[in-house]
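Residue 106 in the working numbering is what sits at position 85 of the sequence shown, and the numbering runs on without skipping anything.
The beta-carbon is built from N, C-alpha and C at its ideal position, and this holds for glycine as well.
Given the structure is predicted, the values throughout are model-derived calculations rather than measurements.
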Amino acid sequence: MSQCLQWDGKLELDIPEDAKDLIRTTTGQTRLLIAERFKQFEGLVDNCEFKRGEKETTCTDLDGFWDMVNFQVEDVNKKFDNLKKLQDNEWQPLDVPSKAIVKV
């Protein structure tokens with residue numbers, strides 16, 4: 022969450038609007054992940070431990086759900102890494118390697 026606050030502070034800087042949009046998207050996705058997915062996982066752990074819920078929640082269910090959450094965590098981490106690269110590049114778009122076109 023502290024990473025979100027750090028990046029939110031950069032919204033006050035004189036940077037391109039595209040960069041601000043990327044910051045808002047990344048921090049918003051992170052906050053949603055924390056607020057929704059982790060809360061949902063906590064509920065599933067309780068269901069598993071205390072045998073609550075409409076259906077039995079197994080450790081396998083928890084493992085599968087965590088794999089999905091972890092994928093989303095990795096995604097936002099990559100987005101924060103890309104924001105850092107963009108900042109290091111003075112907010113200029115990063116060069117994307119072009120694909121070679123082969124004529125036949």
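- Under the three-state reduction of DSSP, D39 is assigned to helix.
- For the options L65, G74 and A40, the alpha carbon positioned closest to that of F86 is the one of L65.
- Put simply, the backbone Cα of D42 is about 13 Å away from that of N103.
- The alpha carbon of T51 has as its nearest neighbour, out of Q24, D109, F71 and W112, the alpha carbon of Q24.
- Distance check between K105 and each of G74, N91 and I44 places I44 closest, using alpha-carbon atoms only.
- Around the C-beta of T48, 16 or more other C-beta atoms lie within 10 Å, and the residue is accordingly described as buried.
- Pairing D82 with Q27, the inter-Cα distance amounts to about 35 Å.
- For F71, the uninterrupted alpha helix (DSSP H) run begins and ends at K60 to F71, by DSSP.
- Only residues of its own chain outside the window of five on either side were considered, and among them R73 have a CB closer than 8 Å to the CB of D67, listed in chain order.
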